[in-house]
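**Student:**
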Amino acid sequence: MKTAETIRLGTGIPQIFNDEVVIPAFLNRGVSLEDARDYAVVGCVELSIPGRTYGLHDIAMFNLLKVMEISMYENEGNSELTYEGLLAHIRAKISHYIALMVEGSNICDIGHRDWAPVPLLSSFISDCLEKGRDITDGGARYNFSGVPGYRYRQPEWLPSCAQWTGI
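Just so we're aligned, residue 1 is where the sequence shown starts under the UniProt record's numbering, counting upward by one.
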């Protein structure tokens, strides 16, 4: 109840994280149960495994709404476009921009590895020490990055009038 009261004040940015969601999500990504239970929040909302992760959480910002805006703009005036056709166009655009984002992220990873190693940071990552590799060169046990929001699903409790087919 205290949490709800704090949120209601509107004076801060309280964040609620839930082991029932976070731990299975890490397990789904191949993280061991022991490591998943040791997660921590870094930055604003990014999740990490302390001492075992090279997390470039903000390596690429992906704006799903911008992709929708571009799709709507590209189809402006297309009187034959159906809702399903628009969704197909948005999906294709998302795939296109994700491919570009992945390519750019890989270039950043290579650049970090080749020109900006971080030996001090690597000394705090247990697997880097064991492997004798910098964190930017695959030394960490886990390397997380991804597209935020790409796999959101609607909550099952939503009434039918508020449900969507998903993008």
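Where is the CB? At the ideal position from N, CA and C, for every residue including glycine.
Quick caveat, the model's predicted, so the values are computed rather than measured.
(1) Measure the C-alpha to C-alpha separation of ASN63 and ASN28 and round it to an integer number of angstroms.
(2) Tell me the rounded alpha-carbon separation between THR11 and VAL42.
(3) Suppose you measure from the CA of SER32 to the CA of PHE26; what does that come to, to the nearest Å?
(4) Within 10 angstroms of the Cβ of ILE49, are there 16 or more other Cβ atoms? Answer buried if so, exposed if not.
(5) Which term fits TYR39, buried or exposed, when burial requires 16 or more other beta carbons within 10 angstroms of its beta carbon?
(6) Using the Cα positions of ARG8 and ILE16, report the straight-line distance between them to the nearest angstrom.
(7) Give the secondary structure of LEU47 by DSSP, where H, G and I count as helix, E and B as strand, and everything else as coil.
(8) How would you label SER71, buried or exposed, when you count the other beta carbons within 10 angstroms and need 16 or more for buried?
(9) Do ILE125 and GLY30 have their CB atoms nearer than 7 angstroms?
(10) Along the chain, where does the beta strand (DSSP E) that runs through VAL21 open and close?
(11) Given a cut-off of 7 angstroms on the beta-carbon distance, is the pair SER123 and LEU56 in contact?
(12) Restricting to Cα atoms, I'd like to know which of ILE90, GLU34, PRO24 and VAL102 is closest to MET61.
(13) Give me the Cα-Cα distance between CYS44 and LEU87, rounded to the nearest whole angstrom.
(14) Look at ASP127 and GLY138 and say whether their C-beta atoms are less than 7 angstroms apart.
(15) Could you give the DSSP three-state label for VAL102: helix, strand or coil?
(16) VAL31 by DSSP, collapsed to three states: which one?
(17) Please list the terminal residues of the continuous alpha helix (DSSP H) segment that includes VAL67.
(18) I'd like the span of the beta strand (DSSP E) that includes ALA4, first residue to last.
**Tutor:** In short:
(1) 24 angstroms
(2) 21 angstroms
(3) 8 angstroms
(4) buried
(5) buried
(6) 14 angstroms
(7) strand
(8) buried
(9) no
(10) From DSSP, VAL21 is part of no beta strand (DSSP E) but of the alpha helix (DSSP H) over 19 to 28.
(11) no
(12) VAL102
(13) 31 angstroms
(14) no
(15) helix
(16) coil
(17) 64 to 74
(18) First-last for ALA4: 2 to 9, but that is the alpha helix (DSSP H), not the beta strand (DSSP E).
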